[in-house]
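J.: Got a structure for you, written out below as structure tokens; questions coming shortly.
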Amino acid sequence: MSTELSKNFEPGIAEEKWYSHWLNKDYFSSRPDERKPFTIVIPPPNVTGVLHMGHTLNETVQDVLIRKARMSGYNACWVPGSDHASIATEAKVVQMLEKEKGIQKQNLSREEFLKYAFEWKDKYGGIIYHQLKKLGCSVDWNRVTFTMDDHYYKAVIKVFIDLFNKGLIYRGARIINWDPQAQTALSDEEVEYRDIQGKLYYVKYMVSGESAEVTDNREDSVATHQPSSANYITIATQRPETIMGDVAVCVHPDDERYKHLIGKKVIVPLVNRAVPVIADEYVDPAFGTGALKITPAHDINDYNLGLKHHLPIIDTLNPDGTLSEAAVVFVGMDRFEARKAAIEKLRADGLLTKEEEYQTRLGFSQRTNAVVEPRISTQWFVKMRELADKALDAVTSGEVKIHPEERFLATYKYWLENVKDWCISRQLWWGQRIPAWYDEDGRFVVADTEEEAKEAFHAAFRVQDATLTQDEDVLDTWFSSWLWPMEVFNGITDPGNADIRYYYPTSVLVTGQDIIFFWVARMIMAGEEYMDEKPFEHVYFTGMVRDKQGRKMSKSLGNSPDLLDLIERFGADAVRFGILISAPAGNDLLFDDSSCDQGRNFNNKLWNALKLVKMWENAGTTEQEHRSEEFEKAAFAATWFEARLNRAKSQVEELYKDFRLSEALKTIYSLIWDDFCSWYLEWVKPPYGDKIDRYLLTCTLDFFEELMQLLHPFMPFVTEEIYHQLRPREEGDDLTIRQQGEVGGQHKKLSQLSTTEVLQRGDILQDTITSLRDSRNKHNLKPRESIKLFIQTASPAAFQSIEPLLAKQVAASEIQFVEDAVPNTITVVVGTHKFYIETEQQIDAGAQRDKLEKELEYQKGFLLSVEKKLGNERFVQNAKPEVVEAERKKKADAEGKIRAIEESLANLS
RNA sequence: GGGAGCAUAGCUCAGCUGGUUCAGAGCAUCUGCCUUACAAGCAGAGGGUCCGCGGUUCGAACCCGUGUGCUCCCA
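Residue numbering for the first sequence follows my numbering, beginning at 218 and increasing consecutively.
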């Protein structure tokens, strides 16, 4: 006698109980053994962040895959961890220090700051791990890795030094993306471009006096209607505050309007500096006025033109975005204030001729959202070409498979084919400090320690005991996370160790499509470089999680639900269900709380099915062990469900292979809800007060177990709970580690019929039940009002095994087979079989006729189209024989149905 | 400006190698049920010019071209 089951499933209790049980049993820990490994490394979330819905989707997908592998004979290993998120975390720590302690970063030493940062990490770094546990993620907690762990730190430095020695890392002055708020360089990938309504300002540059004499004799013919005259040229700019950094004005060499000015000098407004007018085909004569001001320090294109024409560089901005001494005017003013001031001054000087609305694109820092400033700066870079080629090969050769391929392969290839060098230095403290050492003259060596640096310096420059200082900057976080699949197994710091040999390459990487370049491509590069092998076999890209209105979920919009709150409200299984059911592979998904409702309802459905089965068990069973009369009555139900289950299992296997988890879940959901609960359980349910056949109960428990096993990767808690409720279990018999195929169901061989035949018969049974119920409904028969059913069919044998089930499902007190139509009954035609319902109720012949006539019309139309096709000689000649055969069969079927309907109609009148 | 993807029921999406048992599912809607597991449920039902136009084909939601609309990536 089992304990009373609660009315509904209570997720909170089960979650707590089973997660700690699994941990106690150490089910999620993995050590190399003789089994095949199945390995996933988690895409490390930001250590001080929280999991948002995008993470929730990713982690759920990974958990499904890893649990499925664990139940399929693999040694499953899912490595958890987090990254240090240099910019974001440093910004948070700086903010905290100011707010809570009133400390400015510049008043702290590097060591002091790092102490605070690690304290911060210890305080908040656990949140994501707690969330992973609540979600049920079966990660190996013994393998938690953080990108600032000691070994990891060493790995990053080691790789830096190695790449430098290979000539793949260099230091140089380039135009980079500068974040004035975080005051650090960014990589190209960390800049987000957004469309902005800006303004285009038209500014006059006066032609310098001494070289302004008109010597060009074509001047007269063009001057009158052009935006330049003898004494000025007009440029259009979005950024008047950079005028002070202008070193030239550039026009198209063939532009008739300006040809006469090429080689002359113009006066830069505000600072009155004379600069040359140069010609270059880069300039688009149609844009603005066709004259371009050149500011090499603050625009990438200008920078390139500057290099080409050997122009000087005047950097008029400070790192914090204020104007520098070099600007001469507005010094110390913020760049946006300076813009206003410059406009004012230009207007006052009469040099501003026009303002125009202008749609443009501006770069924003992904981390701080500050407007990024293109800036000339000396930074460290990774040469990408060679690395990119290897990463490209890995994917084009099929070594790494991308899912869904059609969607992301092109993007991946395009980026790698057009890749630019990667700026990896960041002007921050939170991260791996660049192991470069400089003397006072700026000469440098790269070395792990100061001692080694001194030796190297001696070797390189013949300087004994130089005073060296280490580079102040740290490395881009992605420069550490690209080593992730290797260094979580100490593959860089301890090459060839047992773990890395066993687990690498990993099986699948699950991540968002937004970090395909940041991370995925670079991991493949690093893997090929250091292991000479791909880091993972499959990459599965999930879509972006959006809200109901299709907007990206973001903190600023406040439209991202809190994960723990969702779990609190619906239960972890329901949340997992909700996010997965709405996530077709690779597509963006619109997430709405209500999909968790569906998951919660599903939990309850399972729970109630359990209650029903337990009720039967508690009511006692028949004595016979096998094949009692009761069993024979319902035997078809078990036969049929076994076939359904096996069919569904192989479908689900296929879907797993294609990473179509949403579809797999739908298949299981429908198998459980529709096939098992709505059909099977109703078919085998004993009449009120009767005991259930013992063997039938055994079958039912077996089926139920298999269903739980099938569903377990998706909804681990409720399934584990039910698994244990179904039957008493020995210690250590848990669903989480139970191997698929162990549950007995598929070996029952309940019938000699083939799966297809059984399923076909099931379809007939279901169609008949549905049609008869519909007819009952239409004729206002009360659900419990019993009827007498007559069947007129050419093949009564087909109904033999299903007759008792049919009677039960349509509340027929008795069933008789007849040769002719039965008068004063309701006629229902299903296929070629005719059914007559006898009842006390008044019969509406009109409604019946309408329905039959409608059906007849459809069948006749159908038959016509089939006949037309078969009458087409070219069809019969060209189509495959089996297709033609199928059409012939359709024709025969349709004719049979039409005959049956017509006969019934004749009987009605 | 360059590239990629998408357009199927009110909504979110399936639909493999072209073949009327292929026009589907889940939500939502409507009707009837407090049937002894479940009203967070049960039993039924309705709902679509498969974005427009052209082409290939015996045959097109599916292949090709084109137009329109949306999304994303890159400059």
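For glycine and all other residues, C-beta sits at the position ideal for the given N, C-alpha and C.
Can you name the start and end residues of the alpha helix (DSSP H) that D716 belongs to?
T.: A715 to Y720
J.: Taking the alpha carbon of T364 as the point to measure from, which residue in T306, W900, T570 and E233 has its own alpha carbon closest?
T.: T306
J.: What would DSSP say about D537, mapped onto helix, strand or coil?
T.: D537 falls in the coil class under three-state DSSP.
J.: Counting along the chain, where does the beta strand (DSSP E) carrying Y410 start and finish?
T.: Looking at the DSSP string, the run of the beta strand (DSSP E) that includes Y410 is V408 to V424.
J.: Confirm, please, whether the CB-CB distance from L528 to L534 is below 8 Å.
T.: no
J.: My output table needs one value for Y747: the three-state DSSP class, helix, strand or coil.
T.: helix
J.: Considering only residues of the region 305-370, which uninterrupted alpha helix (DSSP H) runs meet the minimum length of 4 residues and lie entirely inside it, listed in chain order?
T.: Runs of the alpha helix (DSSP H) inside the region 305-370: 327-341 and 344-352.
J.: Please confirm if the region 824-843 is in contact with the region 935-943, defined as three or more CB-CB distances below 8 Å between the two stretches.
T.: yes
J.: What is the DSSP secondary structure of H301, reduced to helix, strand or coil?
T.: coil
J.: Could you give the distance in angstroms between the alpha-carbon of A453 and the alpha-carbon of P470?
T.: Approximately 18 Å, taken between the alpha carbons.
J.: Which of the three DSSP states, helix, strand or coil, is assigned to W699?
T.: coil
J.: Going by DSSP, which residues form a beta bridge with C813?
T.: Answer is none; C813 lacks a bridge partner.
J.: Which residue from G271, D280 and T628 puts its Cα closest to that of T256?
T.: With distances taken between Cα atoms, T256 lies closest to D280.
J.: Could you tell me the distance, in whole angstroms, from the CA atom of W896 to the CA atom of S698?
T.: 51 Å
J.: Pick out whichever of W358, A670 and K607 has its Cα sitting closest to the Cα of R679.
T.: Of the residues W358, A670 and K607, the one whose Cα lies closest to the Cα of R679 is A670.
J.: Apart from the five residues on each side of it in sequence, which residues of its chain come closer than 7 Å, Cβ to Cβ, to Y333?
T.: V310 and L314
J.: Work out the CA separation of V725 and Y757 for me, nearest whole Å.
T.: 7 Å
J.: For P1021, does the three-state DSSP call read helix, strand or coil?
T.: helix
J.: Measuring straight from C-alpha to C-alpha, what distance separates C354 and E276?
T.: 7 Å
J.: Quick check: the Cα distance between I344 and V267, rounded to an integer number of angstroms?
T.: 6 Å
J.: So V545 and A508 are supposed to be a Cβ contact under 8 Å. How far apart are they, rounded?
T.: Actually they are not in contact, since the Cβ atoms of V545 and A508 sit about 23 Å apart, beyond 8 Å.
J.: Count the other C-beta atoms from every protein chain shown that fall within 10 angstroms of the C-beta of K999, then say buried if there are 16 or more, exposed otherwise.
T.: With fewer than 16 Cβ atoms within 10 Å of its Cβ, K999 is classed as exposed.
J.: Touching or not, the region 846-864 and the region 898-914, by the rule of three or more beta carbon pairs under 8 Å?
T.: With a cut-off of 8 Å, the region 898-914 and the region 846-864 count as touching, because enough Cβ pairs lie within range.
J.: Does the region 681-696 touch the region 636-654, meaning 3 or more C-beta pairs lie closer than 8 Å?
T.: yes
J.: Among F1052, V1039, R1001 and P903, whose alpha-carbon lies nearest the alpha-carbon of A1028?
T.: In terms of Cα proximity to A1028, the closest of F1052, V1039, R1001 and P903 is R1001.
J.: Decide if D357 is buried, meaning its Cβ has at least 16 other Cβ atoms within 10 Å, or exposed.
T.: buried
J.: Within 10 Å of its beta-carbon, does I450 have 16 or more other beta-carbons around it, so buried, or fewer, so exposed?
T.: So I450 ends up on the buried side.
J.: Under 8 Å, do E750 and P722 count as touching if we go by C-beta distance?
T.: For the pair E750 and P722, the CB atoms are nearer than the 8 Å cut-off.
J.: Below 8 Å CB to CB, which residues in the same chain sit around Q956 once its five sequence neighbours on both sides are set aside?
T.: Correct list, in chain order: M288, S289 and G290.
J.: Mind checking which residues open and close the alpha helix (DSSP H) that includes C894?
T.: Counting along the chain, C894 falls outside any alpha helix (DSSP H), and DSSP gives it neither H nor E.
J.: At the level of alpha carbons, what is the spacing between I1019 and T728?
T.: Rounded to whole angstroms, the gap between the alpha carbons of I1019 and T728 is 49 Å.
J.: Could you give the residue range of the alpha helix (DSSP H) that holds L726?
T.: No alpha helix (DSSP H) holds L726; the beta strand (DSSP E) holding it covers T723 to G729.
J.: Would P591 and D516 qualify as a contact pair, given that the criterion is a beta-carbon distance under 8 Å?
T.: yes
J.: Helix, strand or coil, according to DSSP, for N394 in the structure here?
T.: Strand, per DSSP.
J.: Does the count of Cβ pairs from the region 787-795 and the region 807-821 closer than 8 Å reach three?
T.: yes
J.: If contacts are defined as beta-carbon pairs under 8 Å, then M703 and G760 qualify, I think. What distance do you get, rounded to the angstrom?
T.: The distance from the Cβ of M703 to that of G760 is about 28 Å, inconsistent with a contact at the 8 Å cut-off.
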